[in-house]
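*Asks:* Below are the structure tokens for one structure; questions will follow.
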Amino acid sequence: MFFEHIKRNGRSMRKDNGVYFSSIIISIVAFYVILSLGDQDVLRYLKTIESDAVSKLLALIPVLYVFSLFLLFFLVYFTNRYQMQRRSHEFGMYLMLGMKRTTLFSMIMGETLWNCFIALLAGIPLAVILTELIGLLTSRLIGFGIIGHEFSVSWTGVAATICGTLAVQLAAVFILSIKTAIKQPFYLLQEREVKAQKLPTVRSGRVSLIFGIILLASAYFAGVTLMRMIELIFIIFPSVLILGVIGTCLLFRGLGSIIGVSVRRRSADAAGLSVFTARQLQENVMHQWGSLAVSSLLILMAIICFVYGISGSYSRNSSEARTVDFTIRGEKEKIESMLSETDGIGQLISSQYEMKIGMLDSDISWHTLIEKLSQKEGSQARDSLIRDFSDRGRMYVISLSSYNALLDSIGEPTIELNLDEAAMFSHSVFAYTHEVLSDILSSGQRFIFGEKEFSLKTELYTSNVVADRSITLAYALIVPDEFFDKYAHDSSNNGYYNMMLSQDIVDNKGLMQAMNDVSEILSEKGFEFESYLASMGRQLFYMVAGSYTTFYLGIMFLIIANTVLGVKFLMQQQTTKHRYAVASAIGAGTSELERSGRSQIRWYFGLTILVALISSVFGLWSLIGSFMLSLSSLGVNIFHIVAIMIGAAAFFIAFEMVYIKVICRKSDSLIRKLSDIG
Amino acid sequence: MTGYEKLLEVREIHKVYGDGQISTKALNSITFDVLRGEFLGIMGASGSGKTTLLNCIATMIRPTSGSISLNGRNITSFKGTDLARYRGKKIGYLFQEFELLDNLTAGENISLPLSIHGESAAIRKERLKKLTRQLDIEDILDKFPSQLSGGQKQRVAAARALICSPDIVLADEPTGALDTKNSKVLMEKLSSINQDDGASILMVTHDANAASFCSRILFLQDGAIFNELRKMSPEEDRSSFYERILSVMALLGGGSANVL
Numbered sequence: 027m028f029f030e031h032i033k034r035n036g037r038s039m040r041k042d043n044g045v046y047f048s049s050i051i052i053s054i055v056a057f058y059v060i061l062s063l064g065d066q067d068v069l070r071y072l073k074t075i076e077s078d079a080v081s082k083l084l085a086l087i088p089v090l091y092v093f094s095l096f097l098l099f100f101l102v103y104f105t106n107r108y109q110m111q112r113r114s115h116e117f118g119m120y121l122m123l124g125m126k127r128t129t130l131f132s133m134i135m136g137e138t139l140w141n142c143f144i145a146l147l148a149g150i151p152l153a154v155i156l157t158e159l160i161g162l163l164t165s166r167l168i169g170f171g172i173i174g175h176e177f178s179v180s181w182t183g184v185a186a187t188i189c190g191t192l193a194v195q196l197a198a199v200f201i202l203s204i205k206t207a208i209k210q211p212f213y214l215l216q217e218r219e220v221k222a223q224k225l226p227t228v229r230s231g232r233v234s235l236i237f238g239i240i241l242l243a244s245a246y247f248a249g250v251t252l253m254r255m256i257e258l259i260f261i262i263f264p265s266v267l268i269l270g271v272i273g274t275c276l277l278f279r280g281l282g283s284i285i286g287v288s289v290r291r292r293s294a295d296a297a298g299l300s301v302f303t304a305r306q307l308q309e310n311v312m313h314q315w316g317s318l319a320v321s322s323l324l325i326l327m328a329i330i331c332f333v334y335g336i337s338g339s340y341s342r343n344s345s346e347a348r349t350v351d352f353t354i355r356g357e358k359e360k361i362e363s364m365l366s367e368t369d370g371i372g373q374l375i376s377s378q379y380e381m382k383i384g385m386l387d388s389d390i391s392w393h394t395l396i397e398k399l400s401q402k403e404g405s406q407a408r409d410s411l412i413r414d415f416s417d418r419g420r421m422y423v424i425s426l427s428s429y430n431a432l433l434d435s436i437g438e439p440t441i442e443l444n445l446d447e448a449a450m451f452s453h454s455v456f457a458y459t460h461e462v463l464s465d466i467l468s469s470g471q472r473f474i475f476g477e478k479e480f481s482l483k484t485e486l487y488t489s490n491v492v493a494d495r496s497i498t499l500a501y502a503l504i505v506p507d508e509f510f511d512k513y514a515h516d517s518s519n520n521g522y523y524n525m526m527l528s529q530d531i532v533d534n535k536g537l538m539q540a541m542n543d544v545s546e547i548l549s550e551k552g553f554e555f556e557s558y559l560a561s562m563g564r565q566l567f568y569m570v571a572g573s574y575t576t577f578y579l580g581i582m583f584l585i586i587a588n589t590v591l592g593v594k595f596l597m598q599q600q601t602t603k604h605r606y607a608v609a610s611a612i613g614a615g616t617s618e619l620e621r622s623g624r625s626q627i628r629w630y631f632g633l634t635i636l637v638a639l640i641s642s643v644f645g646l647w648s649l650i651g652s653f654m655l656s657l658s659s660l661g662v663n664i665f666h667i668v669a670i671m672i673g674a675a676a677f678f679i680a681f682e683m684v685y686i687k688v689i690c691r692k693s694d695s696l697i698r699k700l701s702d703i704g
Numbered sequence: 004m005t006g007y008e009k010l011l012e013v014r015e016i017h018k019v020y021g022d023g024q025i026s027t028k029a030l031n032s033i034t035f036d037v038l039r040g041e042f043l044g045i046m047g048a049s050g051s052g053k054t055t056l057l058n059c060i061a062t063m064i065r066p067t068s069g070s071i072s073l074n075g076r077n078i079t080s081f082k083g084t085d086l087a088r089y090r091g092k093k094i095g096y097l098f099q100e101f102e103l104l105d106n107l108t109a110g111e112n113i114s115l116p117l118s119i120h121g122e123s124a125a126i127r128k129e130r131l132k133k134l135t136r137q138l139d140i141e142d143i144l145d146k147f148p149s150q151l152s153g154g155q156k157q158r159v160a161a162a163r164a165l166i167c168s169p170d171i172v173l174a175d176e177p178t179g180a181l182d183t184k185n186s187k188v189l190m191e192k193l194s195s196i197n198q199d200d201g202a203s204i205l206m207v208t209h210d211a212n213a214a215s216f217c218s219r220i221l222f223l224q225d226g227a228i229f230n231e232l233r234k235m236s237p238e239e240d241r242s243s244f245y246e247r248i249l250s251v252m253a254l255l256g257g258g259s260a261n262v263l
């Protein structure tokens with residue numbers, strides 16, 4: 027009987043507060059997705075090659091989880107507090123009918139437990155399916171193919187999700203139900219409606235608004251201009267943050283009174299329910315400015331997380347091209363004998379060649395090049411080139427035959443050099459200088475080495491010479507083999523040997539599997555080597571780690587912000603529902619009232635989102651201006667970043683539209699219920 | 004002012020709550036008319052069905068059977084736009100608990116029905132001015148309900164009920180939440196609007212004092228009309244009408260056995 031009662035109350039809570047309940051389910055899904063990260067294919071693979079970095083990331087996840095549980099706690103606490111205030115009369119009645127306090131307390135806790143159980147029942151399977159989809163999608167996107175994929179459930183993830191969700195819910199409701207159960211029945215019966223909060227006067231509202239705008243404007247200004255001074259970042263960044271947070275709070279605090287003033291000014295010629303709508307909105311903003319400000323800040327954080335996550339993963343992804351699959355370091359004879367073995371890996375590879383890299387034994391004079399550079403328009407790239415070539419006397423050189431073998435293996439045209447010619451190579455990591463450098467080279471450049479003048483090819487070569495991404499030659503010269511043999515300090519006994527997998531094997535087994543097979547053989551034989559996949563893996567790791575964590579946080583922020591807004595609005599509407607009944611009694615039609623409700627919701631959400639969007643424009647501007655200076659160095663076009671931001675904005679708008687629509691429907695059904703006549 | 008034109012015709016109204024064995028008859032075959040310009044009171048003990056009757060006329064609930072016509076049109080069949088138009092324009096409703104929207108100023112509360120029905124700002128201003136003068140609430144239009152006394156609130160509510168110049172004002176215990184002094188002020192204002200402007204008023208009350216302002220009173224008992232009193236105007240004054248009301252109430256209190 028008691029359990030039946032709990033189930034019935036639980037059902038009515040889920041029905042009355044569907045938005046909140048759905049948000050709990052979404053949070054459960056998000057929790058599991060982040061907690062099961064360690065069991066995802068990509069991470070499992072990365073663990074084998076980058077165990078240190080992966081374990082650092084996996085150690086960070088509990089921190090993220092606890093942080094999001096902390097955010098969720100507030101959502102649960104405030105929603106339930108409102109809910110309990112609404113049910114206060116009911117609780118008072120139970121006590122008057124002879125229910126014991128302990129029974130009341132266990133009834134409330136039982137309802138929470140029951141609802142939590144249902145949310146987990148819905149959330150966990152959903153989360154497992156979603157994680158599978160994400161796993162499939164990531165391996166597909168990264169180009170590993172789906173060969174390595176296996177279905178898995180992270181049981182520790184499930185356990186942690188259940189424990190976390192239960193703990194947060196029970197802790198929040200425990201505090202609240204203790205508060206409720208110790209009250210005298212008389213006070214519970216009295217407390218039918220939520221007490222009005224202390225409202226700011228018009229004057230203090232105006233002052234708040236003006237100060238809010240001033241603080242926000244100074245935060246924007248400081249963010250955009252002063253944050254570029256990297257040396258002062260530890261002073262400026264916290265100040266921008268504090269100014270922004272206080273500014274947003276003050277802005278929302280003052281907004282209500284401004285709505286009031288404009289209603290008063292226009293009420294004489296307002297038509298329909300517009301005065302009613304504006305007054306309702308004003309009340310919502312005035313009573314809930316704190317929630318609006320917090321939601322707005324959370325939405326701002328979500329936008330920044332999304333854009334940062336997307337652009338981060340995009341930029342790391344874009345600059346990598348596959349030029350060499352394996353680079354083995356070791357003695358030439360040993361490597362060649364291994365390759366010629368019949369059962370060895372010789373048949374798995376399509377091309378193999380020695381990559382001869384050495385250092386010149388005397389200095390090169392870059393006099394004319396530097397002079398040309400100095401004549402160019404000032405830029406960061408130019409300055410860095412001048413600096414690099416001024417102290418680059420001894421250059422690295424690459425032998426022409428090796429580089430041509432590389433170009434040949436990836437299907438690019440080879441280079442031809444005369445004896446007095448050389449070509450310039452630069453690693454793709456230094457892409458930010460490539461535009462200026464190519465421009466200089468195209469006009470024909472010369473350098474002096476050993477009292478002899480050499481001319482440079484007009485083209486710049488950037489195809490990476492070894493599989494190891496950690497070995498980056500900023501600038502090197504590709505020189506004829508005769509020149510290399512004569513002047514280079516060659517470490518051929520311990521050189522680099524490049525291999526490319528045969529296309530048939532890659533098509534057959536998938537790149538990931540084929541590389542794994544070859545890696546295993548090479549490790550068995552005790553060679554020191556680096557594979558494209560391993561170095562890609564390192565890049566991939568930063569990409570996965572960056573985008574997963576930022577997306578996770580972004581989604582959590584967005585869910586919490588929207589749920590706070592939605593639930594607060596609907597509860598306020600529920601509390602003031604008699605007003606809709608009165609408006610209906612004095613002649614407002616149901617559709618008019620529904621329109622009024624919807625327009626209140628759009629304004630309510632719109633104001634919050636608008637402030638967040640304005641702040642995000644400045645926020646991203648200052649991010650690009652300071653922290654992300656290095657973006658251009660990764661060879662990413664700024665227009666691409668803008669396009670991605672637009673994409674992120676589209677996703678965000680779609681998310682918000684869905685949310686607003688759901689809240690509008692809820693509001694419509696409440697209003698329809700009120701104006702139904704029996 | 005009372006003419007002989009029928010404004011509201013209530014015919015054979017029945018209202019049953021619930022169904023089957025647990026049903027309760029709230030109204031049992033009620034028939035009466037309200038003439039244009041009349042100030043009709045409906046009295047009865049708690050549970051006699053007077054509020055149900057008023058709610059049926061106000062279209063807040065539908066009667067189980069019977070018809071209610073205003074100006075010859077059957078309002079029980081109204082839906083959608085007709086219903087909303089009827090509620091705002093044809094009737095004005097005065098609630099016992101005022102039911103002012105507490106986040107709108109007094110002035111905004113009063114003009115809300117007019118703006119819902121799309122009246123021009125000029126007309127609104129003019130009506131607002133006239134009514135607020137009549138009800139003596141000109142100085143409080145910019146105040147919010149929480150800043151007003153009970154009596155002021157009810158006069159603001161009365162102004163809201165009258166602003167659309169409805170065919171009939173329906174008042175549900177309008178003095179129920181007021182003290183004697185404020186009750187008297189409100190009833191005097193309503194009575195003068197009835198007499199000077201010819202506004203028709205149908206008021207449910209169990210306050211004999213308030214009822215003495217009416218020109219005719221119907222007494223309900225157990226969902227049926229039990230008695231009717233008519234003020235003999237102009238020769239009868241309010242206090243003797245009050246005495247007669249009290250004697251009928253005494254009869255009501257003694258039960259129907261005493262009269263039948």
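In order, the protein sequences belong to chains A and B.
Numbering of the first sequence is given in the working numbering, commencing with residue 27 and proceeding in unit increments.
Numbering of the second sequence is given in the working numbering, commencing with residue 4 and proceeding in unit increments.
For each residue, glycine too, the CB sits at the ideal point set by N, CA and C.
Between residue 153(A) and residue 54(A), which are expected to be in contact by the criterion C-beta below 8 Å, what is the C-beta distance as a whole number of angstroms?
*Replies:* That pair is a contact at about 6 Å.
*Asks:* Could you spell out the range, first to last residue, of the beta strand (DSSP E) harbouring residue 478(A)?
*Replies:* First-last of the beta strand (DSSP E) with residue 478(A): 478-487.
*Asks:* Check whether the segment 429-449 of chain A and the segment 373-383 of chain A are in contact - that is, three or more C-beta pairs closer than 8 Å.
*Replies:* Touching, yes, given that three or more Cβ pairs across the two stretches are closer than 8 Å.
*Asks:* State the Cα-Cα distance for the pair residue 236(B) and residue 616(A), rounded to the nearest angstrom.
*Replies:* Spanning the two alpha carbons is a distance of roughly 43 Å.
*Asks:* Are the C-beta atoms of residue 38(B) and some chain A residue less than 9 Å apart?
*Replies:* No, because no Cβ of chain A sits closer than 9 Å to the Cβ of residue 38(B).
*Asks:* Could you compute how far the alpha carbon of residue 223(A) sits from the alpha carbon of residue 313(A)?
*Replies:* Any reading at residue 223(A) must be qualified, since the residue scores a pLDDT of 46, below 50, and its modelled position is unreliable; the value itself is stated next. Taking the straight line joining both Cα atoms gives about 6 Å.
*Asks:* Starting from residue 209(B), trace the beta strand (DSSP E) in both directions and tell me its first and last residue.
*Replies:* Segment: none, residue 209(B) is in no beta strand (DSSP E) and carries neither H nor E.
*Asks:* Buried or exposed: where does residue 212(A) fall if 16 or more other Cβ atoms within 10 Å of its Cβ makes it buried?
*Replies:* Counting Cβ neighbours within 10 Å, residue 212(A) comes out exposed, since fewer than 16 surround it.
*Asks:* Between residue 132(B) and chain A, is any beta-carbon pair separated by less than 9 Å?
*Replies:* With 9 Å as the cut-off, residue 132(B) does not count as an interface residue toward chain A.
*Asks:* Does residue 230(B) have its Cβ less than 9 Å from a Cβ in chain A?
*Replies:* Closer than 9 Å: no.
*Asks:* Is residue 61(B) close to chain A, meaning its C-beta is less than 9 Å from at least one C-beta of that chain?
*Replies:* So yes, residue 61(B) belongs to the interface.
*Asks:* Check each candidate in 191(A), 160(A) and 124(A) and name the one with the smallest Cα separation from residue 144(A).
*Replies:* Taking only the C-alpha atoms, the option nearest residue 144(A) is 191(A).
*Asks:* When the Cα atoms are used, what is the spatial distance from residue 142(A) to residue 51(A)?
*Replies:* Approximately 9 Å, taken between the alpha carbons.
*Asks:* Go through the segment 560-626 of chain A residue by residue and report every complete run of the alpha helix (DSSP H) that reaches 4 residues or more, in order.
*Replies:* The segment 560-626 of chain A contains these whole alpha helix (DSSP H) runs: 603-611.
*Asks:* I need the boundaries of the alpha helix (DSSP H) containing residue 456(A), first residue and last residue.
*Replies:* Note, residue 456(A): premise wrong, no alpha helix (DSSP H); not H, not E.
*Asks:* Among 205(B), 114(B), 168(B) and 86(B), which has the Cα closest to the Cα of residue 295(A)?
*Replies:* When only C-alpha atoms are compared, the closest one is 114(B).
*Asks:* From the DSSP output, read off the bridge partner residues of residue 224(B).
*Replies:* BP columns for residue 224(B) point to 227(B).
*Asks:* Relative to chain B, which residues along the segment 301-313 of chain A have a C-beta separation below 8 Å, given in chain order?
*Replies:* Those residues of the segment 301-313 of chain A that come within reach of chain B (Cβ to Cβ, closer than 8 Å) are 301, 302, 305, 306, 308 and 309.
*Asks:* Residues of the segment 264-293 of chain A in Cβ contact with chain B at a cutoff of 9 Å, in chain order, please.
*Replies:* Here the close residues are 289, 290 and 293.
*Asks:* So what's residue 448(A) in DSSP terms, helix, strand or just coil?
*Replies:* Correct three-state label for residue 448(A): strand.
*Asks:* For the beta strand (DSSP E) that residue 416(A) lies in, which residues bound it at each end?
*Replies:* Per DSSP, residue 416(A) belongs to no beta strand (DSSP E); it is in the alpha helix (DSSP H), 406-416.
*Asks:* Taking all protein chains shown into account, do 16 or more other C-beta atoms lie within 10 angstroms of the C-beta of residue 84(B), making it buried, or fewer, making it exposed?
*Replies:* Answer is exposed; the Cβ neighbour count stays below 16.
*Asks:* Under 8 Å: do the segment 446-454 of chain A and the segment 395-402 of chain A share three or more Cβ pairs, one atom per stretch?
*Replies:* The segment 446-454 of chain A, when compared against the segment 395-402 of chain A, does not touch it at the 8 Å Cβ threshold.
*Asks:* For a contact defined as C-beta to C-beta under 7 Å, what are the partners of residue 295(A) on chain B?
*Replies:* Per Cβ cutoff of 7 Å: 124.
*Asks:* I'd like the list of long-range same chain contacts for residue 19(B), defined as Cβ closer than 6 Å, with 5 residues on each side in sequence excluded.
*Replies:* Contacts found: 26, 28 and 67.
*Asks:* Using DSSP bridges, identify the partner residues of residue 103(A).
*Replies:* Answer is none; residue 103(A) lacks a bridge partner.
*Asks:* Give a yes or no on whether 9 Å exceeds the smallest Cβ distance from residue 576(A) to chain B.
*Replies:* So, not an interface residue.
*Asks:* Buried or exposed: which applies to residue 81(A), given that a residue is buried once 16 or more other Cβ atoms fall within 10 Å of its Cβ?
*Replies:* So residue 81(A) ends up on the exposed side.
*Asks:* Could you tell me which chain B residues have their CB closer than 7 Å to the CB of residue 605(A), listed as they occur along the chain?
*Replies:* Going along chain B in sequence order, the residues near residue 605(A) (Cβ under 7 Å) are 104.
*Asks:* Residues of chain A with CB closer than 8 Å to the CB of residue 91(B), please, in chain order.
*Replies:* The contacting residues are 612, 613 and 614.
*Asks:* Since residue 163(B) and residue 112(B) are thought to touch, with beta carbons under 8 Å apart, how far apart are those beta carbons, to the nearest angstrom?
*Replies:* Their Cβ separation, rounded to whole angstroms, is 6 Å, which keeps residue 163(B) and residue 112(B) in contact under 8 Å.
*Asks:* Using the beta-carbon of each residue, which ones in chain B are nearer than 7 Å to residue 608(A)?
*Replies:* By Cβ distance, chain B contributes 102 and 104.
*Asks:* Looking at the structure shown, is residue 36(B) part of a helix, part of a strand, or coil, going by DSSP?
*Replies:* Strand, per DSSP.
*Asks:* Bridge partners for residue 42(B) per DSSP, in chain order?
*Replies:* 204(B).
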